[in-house]
Every structure is written in C-alpha cells, then in structure tokens.
Amino acid sequence: MVRNRGPGGTLRRGLAFFVVCMLLVPSAGLVAADVVGSPDLDTYATDKRVTAGETTALTVSVVNTGEVEEGSARNPSLHSEVTTARGAVLRLEPGDAPIEVQSGPVAVGSIPSGSAVPGTFQIRVAEDAEPGNYEVPVNISYQFTDRVDRGGTPEEETKNVTRNVTIEVTEQAQFTLVEADTDAAVGGSGQVSVTLRNTGTGVAEDATVTLRSATGDLTFGPTGAAETFTGDWEPGTARTFTVGADVARSATLRALPLSTTVSWTDSDDRPAEERISLGVVPDTESRLGVDAAETTAAPGDSGEVTFTLTNDGTRNLTDATVRLTSSNPGLTFGGAGSTTAYVGDWAAGETTEVTVEAAFARGVEQRPFPVDATVAYTGTDGRDANTAPVTVGVTPADEQSFAVVNASASLRVGADGSLEGTLVNEGPGTIENAVLVLQPTGSTIDVVEREYALGDLEANGSSSFAFDVSVASGAKDGPRQFTYRVEYETNDGDRTQSDPLYVRGEVAPQRDVFDVSVERGSFEPGESGAYTLTVTNAGDEPVSDVSAKLFADAPVSATDDEAFIDSLEPGESTTLRFGVGVAGSATAKPYPLSIDFQYTEPDGDTKLSDSYRVPVTVEESSGGGLFGLGVSANTAGVVVLPLVLVGGVVLWVRR
Numbered sequence: 005m006v007r008n009r010g011p012g013g014t015l016r017r018g019l020a021f022f023v024v025c026m027l028l029v030p031s032a033g034l035v036a037a038d039v040v041g042s043p044d045l046d047t048y049a050t051d052k053r054v055t056a057g058e059t060t061a062l063t064v065s066v067v068n069t070g071e072v073e074e075g076s077a078r079n080p081s082l083h084s085e086v087t088t089a090r091g092a093v094l095r096l097e098p099g100d101a102p103i104e105v106q107s108g109p110v111a112v113g114s115i116p117s118g119s120a121v122p123g124t125f126q127i128r129v130a131e132d133a134e135p136g137n138y139e140v141p142v143n144i145s146y147q148f149t150d151r152v153d154r155g156g157t158p159e160e161e162t163k164n165v166t167r168n169v170t171i172e173v174t175e176q177a178q179f180t181l182v183e184a185d186t187d188a189a190v191g192g193s194g195q196v197s198v199t200l201r202n203t204g205t206g207v208a209e210d211a212t213v214t215l216r217s218a219t220g221d222l223t224f225g226p227t228g229a230a231e232t233f234t235g236d237w238e239p240g241t242a243r244t245f246t247v248g249a250d251v252a253r254s255a256t257l258r259a260l261p262l263s264t265t266v267s268w269t270d271s272d273d274r275p276a277e278e279r280i281s282l283g284v285v286p287d288t289e290s291r292l293g294v295d296a297a298e299t300t301a302a303p304g305d306s307g308e309v310t311f312t313l314t315n316d317g318t319r320n321l322t323d324a325t326v327r328l329t330s331s332n333p334g335l336t337f338g339g340a341g342s343t344t345a346y347v348g349d350w351a352a353g354e355t356t357e358v359t360v361e362a363a364f365a366r367g368v369e370q371r372p373f374p375v376d377a378t379v380a381y382t383g384t385d386g387r388d389a390n391t392a393p394v395t396v397g398v399t400p401a402d403e404q405s406f407a408v409v410n411a412s413a414s415l416r417v418g419a420d421g422s423l424e425g426t427l428v429n430e431g432p433g434t435i436e437n438a439v440l441v442l443q444p445t446g447s448t449i450d451v452v453e454r455e456y457a458l459g460d461l462e463a464n465g466s467s468s469f470a471f472d473v474s475v476a477s478g479a480k481d482g483p484r485q486f487t488y489r490v491e492y493e494t495n496d497g498d499r500t501q502s503d504p505l506y507v508r509g510e511v512a513p514q515r516d517v518f519d520v521s522v523e524r525g526s527f528e529p530g531e532s533g534a535y536t537l538t539v540t541n542a543g544d545e546p547v548s549d550v551s552a553k554l555f556a557d558a559p560v561s562a563t564d565d566e567a568f569i570d571s572l573e574p575g576e577s578t579t580l581r582f583g584v585g586v587a588g589s590a591t592a593k594p595y596p597l598s599i600d601f602q603y604t605e606p607d608g609d610t611k612l613s614d615s616y617r618v619p620v621t622v623e624e625s626s627g628g629g630l631f632g633l634g635v636s637a638n639t640a641g642v643v644v645l646p647l648v649l650v651g652g653v654v655l656w657v658r659r
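Be aware that the sequence shown starts at 5, since it is given in our numbering, and climbs by one per residue.
#1: Taking Cβ to Cβ, would you say V121 is nearer than 8 angstroms to V54?
#2: Taking the alpha carbon of A49 as the reference point, which residue from E85, E73, F233 and G123 has its own alpha carbon closest?
#3: Flag this pair as yes or no: are the beta carbons of T47 and V142 separated by less than 8 angstroms?
#4: Determine whether the beta carbon atoms of D38 and D153 lie at a separation below 8 angstroms.
#5: State the Cα-Cα distance for the pair L597 and Y492, rounded to the nearest angstrom.
#6: In chain order, what residues of the same chain have a beta carbon less than 8 angstroms from the beta carbon of D273, not counting five sequence neighbours either side?
#7: What residues match up with P504 in a beta bridge as DSSP calls it?
#8: So what does DSSP say about S84, is it helix, strand or coil?
#9: Kindly confirm or deny that the region 469-478 and the region 440-457 touch, where touching means at least three C-beta pairs closer than 8 angstroms.
#10: Which of helix, strand or coil does DSSP assign to N541?
#11: Should the region 518-529 be called in touch with the region 427-437, which here means at least 3 C-beta pairs below 8 angstroms?
#12: Given a cut-off of 8 angstroms on the beta-carbon distance, is the pair S263 and R327 in contact?
#13: Pull up the distance between the alpha-carbon of A301 and that of A438, whole angstroms please.
#14: How big is the Cα-Cα spacing for E308 and T378?
#15: Leaving aside the five residues before and after D402 along the sequence, list all residues of the same chain whose C-beta is less than 7 angstroms from its C-beta, in chain order.
#16: Are there 16 or more other CB atoms within 10 angstroms of the CB of E531, so buried, or fewer, so exposed?
#17: Can you list, in chain order, the residues of its chain whose CB lies under 6 angstroms from that of Y595, leaving out five sequence neighbours each side?
#18: State the Cα-Cα distance for the pair R484 and I449, rounded to the nearest angstrom.
#19: So, helix, strand or coil for D607, using DSSP?
#20: What are the boundary residues of the beta strand (DSSP E) that T563 is part of?
#21: Which complete beta strand (DSSP E) runs does the region 421-462 hold, if anything under 3 residues is left out?
#22: If you draw a straight line from the alpha carbon of L181 to that of I280, how long is it in whole angstroms?
#23: Got a sec, what are the start and stop residues for the beta strand (DSSP E) T322 sits in?
#24: Report all residues from its chain with a CB closer than 7 angstroms to the CB of T494; omit the five preceding and five following residues, and keep chain order.
#25: Can you tell me which of the three DSSP states L257 falls into?
#26: Determine the extent of the beta strand (DSSP E) in which V414 is found, giving its start and end residues.
#27: Starting from the Cα of T170, find the closest Cα among D100, A188, P109 and T234 and give me that residue.
#28: Report the rounded CA-to-CA distance for S330 versus E58, giving the unit in angstroms.
#29: Determine, using beta carbons only, whether G418 and Q514 come nearer to each other than 8 angstroms.
#30: Suppose you measure from the CA of E573 to the CA of N541; what does that come to, to the nearest Å?
#31: Could you tell me which uninterrupted alpha helix (DSSP H) segments, each at least 4 residues in length, are contained entirely in the region 222-308, listed from first to last along the chain?
#32: Evaluate A556 with the Cβ neighbour count: other Cβ atoms within 10 Å of its Cβ, from every protein chain shown; 16 or more gives buried, anything less gives exposed.
#33: Roughly how many angstroms separate the alpha carbons of T310 and A362, rounded to a whole number?
#34: Taking V451 as the reference, which of I435, S474 and D460 has the closest Cα?
#35: Rounded to the nearest angstrom, what separates E490 and Y381 at their Cα positions?
#36: Just tell me which of R167, W237 and N168 has its CA closest to the CA of Q176.
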C-alpha cells in the first residue's frame, strides 16, 4: 500500500504534533514554577503614652508587609500561602524600659500580608519612671510556608523575630491624700478640711477640686457636693481645701465616707481626672490618740503588744476600757480577733500604755497589721459612751534568724563520716530547749541520730554540732546539699521551727581500705613455694582481726590460702605469705589471683572488703633440664629420671 506523502499528509502530521504539545502544557490549576515568599512583620503601639505609677493596657499591633519573592504570576492564589504568618504568639519583654509586664504571651493567630493584628498586654509603670521615650522588645513566634514547589508541595518553617515598640512616659500630675479632718460634731455644723499633694511629674492646669459625700450623715450644702477652683497645680505642692459641712444627729462615731475628685488639663490639653476616696470622723469631746504600737511577737510566734495611747479629748474619762480589734486573721489576741484592757480614770491629755498578749500566724509578711482602738467610758450623764475608732498598724518583730558557720563534711562513698559546724542564733531573742534537726538526705546517706540538742541560746550566741553519717557503697560522689532546721520553744511554750538552713558538702570518691602489692610472685612450671604480698592500711582508721583469703584458678593453685593480721594502723604495712603451686603444663605468662579481707572497724562492725586482683607470673624454666627434659631448678634432692638411651648406652642421670 502506498501512503500519501503530499501536502495533506504534512498537515495531518502537524496537527498531531500540536495535540501532543497541548497535552504536555500544564493546566491552569497546576504550579508552573516554585512560589517563594515570606511574611515581613513589624510592630507599633496603638497608644504609646503612659504615666509613672500607673497600671494600664498596652496594645501592640503587628503589621505584615510580606511579599512573593519568586513564583508564577499565573498562580496568585498561592501568594497569600507564602506571605501569611500563622499561629503567631506575642511576648512582651521589659527590656530597658521602666515597666513590669504583668500578663503572659498573647496568641493572635494568622496575620495575612497587608493586615495588622492587635495584642494587648497589662503593664505597670514604675513610680520613679523618668519621662521620655523607651524601646520595649516584642518577640513574635510564628509559622509560615517558605516555598510551594512545582508539584504543589509546601515547605513549612517556624521563626522567631524581635521587634521594638516605643512607649512614652509622659509628665503627668498625680494626687495623694495628706490629711482629712472635720471639726463638725454629731448633730452640728463645721468645716471639712482635705489636704492633697501633687506627687506626679506634671503640672495640673486649671485644676478643680470637688468634695462629694457618700452618706446622708455628712452633707455639703443643699447639693451634697462642694467644688473649688484652684488653678495650675505644680508637682510637689500640697494644698488644703476647706468647705462647710453638716453632720446628722443620727451619725455614729465612725469615718464618714466622701470622695475628692481633681479635674485638670495636662500639657497636651487633654482632660484628666483622679478620684480619691477618704473618710472623716465627727468631732467629739473625747478623742483617742495612738502614739505608738510595739510588739515582741514575730511571725509564727506570740508575745506582747504595747500601745501608747493619749486621751486627746477635752474631758476626763471615767471607767475607761480600751478595746483592740484586729481585722486580719494573721494577728490575733489570745486566739481571738479582739481583746480589752481596763484603764480606769483617764484625765484629758494624759498618756498611758496598754499591753496585751498577741500572736502572728506563721509566714505572715513583715508589714503593719491594722488594729482598731476604741475607748468605752462612762459619760458625765452616767451613760456609756465610746470614742471614735482609731486605726494603728502593728508590725511583727523581726523573725528569729539562724545561720550555720564553719560547716564541714568528712564524707566518703562506702565509709562512715561526719557533718560538723556551728549554729549561730542571730536573734533577735533568746531561744530555749533548741534542737538542730538534720533533714533526710536520701537513701544512700544514713544519719545515726538526726537531732542534736543545742539547749538555750541567747541572741548572737552559738553552739557547735556534729552528726555521724554513713555513706552507702552505691552512693555517687560529688557535691550534696544538706538541710537543717532549728526547733525551739516559743514564748507561750509551743514548739516551732525555723526556716530551712542549707549547707553544701562534698562526698569524696570511694577509697580501698587496703593497698596490696606483690613482693614475690614468680614461679616456673611445676614449681611451688611462697607467694608474698605487702598489705597496707589505706584507710583513715585502724583495723583489727584482719583475715586474708587467697583464691586461685588452674593452672595455679593455692596450697596455703589464708593469712591473719592482728591489727593495722592507718598507713601501716605488713607482709603476708601464702603457698602457691604451678602446674607443670602451665604456659609462661601472668595469671590472676584474687584476695579479699574480713576485718573489724573501731566501732566493732565486721566488714568484708572487695576482692583485689593480684598477678602470679609463670616464667620459662631456667636451663631447660638435661636434653630438654625440663627439670625444675627449684626441685630439691636427687631426681631420678627415666633411662635415656643414647647411642645404645644406658645412662643414669643424677642431679
């Protein structure tokens, strides 16, 4: 058959080639080339202004400006895949800024390119922060797709970057209450005086002070509020505001609540306001003044509290009784929240001391604990009356403190030792019936007695101590921490204990009790004789009743395998002799023997040592004997050998 090779055939071949090429061209849904890109993150603070001493929220926005670095323009759907930051977590760090970060990491999720995602942190600005700009580091951890290859497979990466946000500590006015008082008595009228101080760093411009009562027992005119314009208020300046007030007849002698609000404009013409809550006690003819409160009770202990009180009123008090009430369970009076002390007749202006028993709970902080003091008395009309309560702070006495000095540890693996030192009572008081307790130190260290009686110790007094300790053979050598506590009697006879006292000690590596060296240990095949060892006490203590046992394996045998030493002082040496025999078939080379020791320690304990390996050397026979028959040079007497026929002559061989 003849095929057509004319123009029609050429056309058909061209169409076929075009179809094949079209089949080889990637479809629009496949990746024609690798797509490469990455997120590009930066941060800024939404509101960077903060003031010294404030606790505020700082919002950090993360902006992503990531771009595609390589890739086909025919696949824009993959652009966001390589430029989006996923699973982003923000961590705010103080850096050199005068702030404390009070919140943890913030997860913000995915951040596509071209978007900004906020994260909010709680911060506390230092009271003494200087005005100015500060850089605050923000760590950002996230995942992203670095590349999508031609087959559509992504390559994932995790990255951590740190960016800075700028905060500005601005000059800002802040106000603190200095004093508040009133001379208005119950059922009467008078003045309320409030003294405030600008403790901030900025000027309060066009300041206005408003006093507003929070109870119907105290009123400022018909509106219940009083407002005073004070103008510009410089930092560090205190100002007193006095307004007329009325106290209701039904009011009790307690602090009547009111608020003071200062409104002003800051240096940027922004309005600002601060509200302070306070209270004033109506005036009375009988007033109690608290001059001091001192205690001998420390945290976790009991003692006395002495209050120095003054009748600050204008009248003499009859049958006066002081009542003291603690509002904090950390301070109690005889196990209760309150107590009383009888004073009797108390003249106006007279100062007296009241002493009561008190106790502080264990672990309380070294800070003032509030106590309300009131005086119940009989008035001139014969009726019972009370002074207004006065609050005073009672601070615990310094906690009893101890220290361990000159501490030493004589410890070695597999041996008995000791822990020694000196306990110092750093005060402030004397302790009675004190015992030093060594806390458990693990299964490999055994303490014979964990308590050491110290007796009574005055402040700044000291007492030495020592604990016998045994370290197991399986223990590890190296540094160890030992914990002590001091148990002693409190003022009320109860037992208490100190905070832990930590002391570091070293456990030395295990040391052999004996050093063993070979003095005579060479034999020829078939020879037997004395095997001599030098044994030295390598320990720190003498040993006695030392029984030595020698062990051998073929071709070496122990013909006399025991020896005895009456005693060995530390460093002392002695010689032990054993009987050893070597088989005639033994090859010339060193062979191992082993020896162990059973001995008695100074405390009467019997111990068995580890096995010591020592060599016995088999040497070549000297001379080789007659005609190479291997006669031993150490063989005593006459040895008759078998007849030797040499050249038809029978010979007797005599040695």
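All C-beta atoms in this analysis are idealised placements derived from N, C-alpha and C, irrespective of residue type, glycine included.
Just so you know, these numbers come straight off a predicted model, no measurement behind them.
With the structure as the only source:
#1: Not closer than 8 angstroms, so no.
#2: Comparing Cα positions, the closest option is G123.
#3: Yes, Cβ-Cβ distance for T47 and V142 is below 8 angstroms.
#4: Yes. Within cutoff.
#5: If you take the alpha carbons of L597 and Y492, they lie about 58 angstroms apart.
#6: Closer than 8 angstroms at Cβ, skipping near neighbours: no residue.
#7: The partner list for P504 (beta bridge, DSSP) is empty, contrary to what the question assumes.
#8: Three-state result, S84: helix.
#9: Yes, they touch.
#10: It is a strand residue.
#11: The region 518-529, when compared against the region 427-437, does not touch it at the 8 angstroms Cβ threshold.
#12: It is not a contact, given that the beta carbons lie outside the stated cut-off.
#13: When rounded, the distance between both Cα atoms is 18 angstroms.
#14: Distance between E308 and T378, taken at the CA atoms: about 19 angstroms.
#15: Hits under 7 angstroms: A302 and P432.
#16: Taking all protein chains in view, the Cβ of E531 is crowded by 16 or more other Cβ atoms within 10 Å, so the residue is classified as buried.
#17: V560 and V620, listed in sequence order.
#18: Rounded to whole angstroms, R484 and I449 show a C-alpha spacing of 10 angstroms.
#19: In the structure shown, the three-state DSSP call for D607 is coil.
#20: Where T563 is concerned, the enclosing beta strand (DSSP E) stretches over V560 to D564.
#21: Runs found: 435-442, 449-451 and 455-461.
#22: Taking the straight line from one Cα to the other gives about 7 angstroms.
#23: Annotation: the continuous beta strand (DSSP E) that includes T322 extends over L321 to S330.
#24: D305, S306 and T500.
#25: In this structure, L257 counts as coil in the three-state DSSP scheme.
#26: Val is not the amino acid found at residue 414; the sequence shown has Ser there. First-last of the beta strand (DSSP E) with S414: S405 to R416.
#27: T170 has its Cα closest to that of D100, out of D100, A188, P109 and T234.
#28: Their backbone Cα atoms lie some 31 angstroms apart in a straight line.
#29: A distance below 8 angstroms separates the beta carbons of G418 and Q514.
#30: Roughly 7 angstroms between the two C-alpha positions.
#31: None, since the region 222-308 contains no complete alpha helix (DSSP H) of that length.
#32: Buried, since its Cβ has 16 or more Cβ neighbours within 10 Å.
#33: C-alpha separation (whole angstroms): 10 angstroms.
#34: Comparing Cα-Cα distances from V451 to each of I435, S474 and D460, the minimum goes to S474.
#35: Checking the sequence shown, residue 490 turns out to be Val, not Glu. Spanning the two alpha carbons is a distance of roughly 47 angstroms.
#36: Comparing Cα positions, the closest option is W237.
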